[in-house]
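Residues in the sequence shown are numbered consecutively from 225, following my numbering.
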Amino acid sequence: ITNGQADILVCCKSLFGQADDLKRIVEYKKWKLIVVDEYHQYKNFRTIAYRGLKSLKETCGAPLIGLTGTLMQNNHEELWSLVDLVNPGFLGTWDEFKED
Numbered sequence: 225i226t227n228g229q230a231d232i233l234v235c236c237k238s239l240f241g242q243a244d245d246l247k248r249i250v251e252y253k254k255w256k257l258i259v260v261d262e263y264h265q266y267k268n269f270r271t272i273a274y275r276g277l278k279s280l281k282e283t284c285g286a287p288l289i290g291l292t293g294t295l296m297q298n299n300h301e302e303l304w305s306l307v308d309l310v311n312p313g314f315l316g317t318w319d320e321f322k323e324d
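Now the structure itself:
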């Protein structure tokens, strides 16, 4: 969504499976906000989609809002992955977090 002074990217997981599409979006402009639907789908930090979203956020430097209606399982790795996308380093690295 581009409207005046607010350049917001609203996206879903399928975007991050297409490297060419992702590259065009990243190069298009410096987004001011990234909104991701079905955010729970990024719970595995080892996936291509997770790495794509993380790369987009780092490249743009934009805040990230994750939307989901899905409940979280009691899984520390999934919690760390989702928090690290929104606020990198807040919980430390995965290795540091799992030791604590």
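Glycine is no exception: its CB is placed at the ideal position from the N, C-alpha and C atoms.
Residue j beta carbon less than 8 Å from that of residue i
| i | j | result |
| --- | --- | --- |
| W255 | I289 | no |
| I249 | A286 | no |
| L309 | K281 | yes |
| L239 | D261 | no |
Cβ neighbour criterion (16 or more within 10 Å) applied to residue i
| i | result |
| --- | --- |
| C236 | exposed |
| G313 | exposed |
| V234 | exposed |
| L306 | buried |
| L295 | exposed |
Cβ distance (whole Å) where residue i is taken to contact residue j below 8 Å
| i | j | result |
| --- | --- | --- |
| Y274 | Y263 | Going by Cβ atoms, the distance from Y274 to Y263 rounds to 11 Å, so no, they are not a contact pair. |
Residue i Cβ short of 7 Å to the ligand COA heavy atom set
| i | result |
| --- | --- |
| W304 | The ligand COA is not part of this structure, which contains no ligands at all. |
Beta bridge counterpart(s) of residue i as assigned by DSSP
| i | result |
| --- | --- |
| V260 | C235, G290 |
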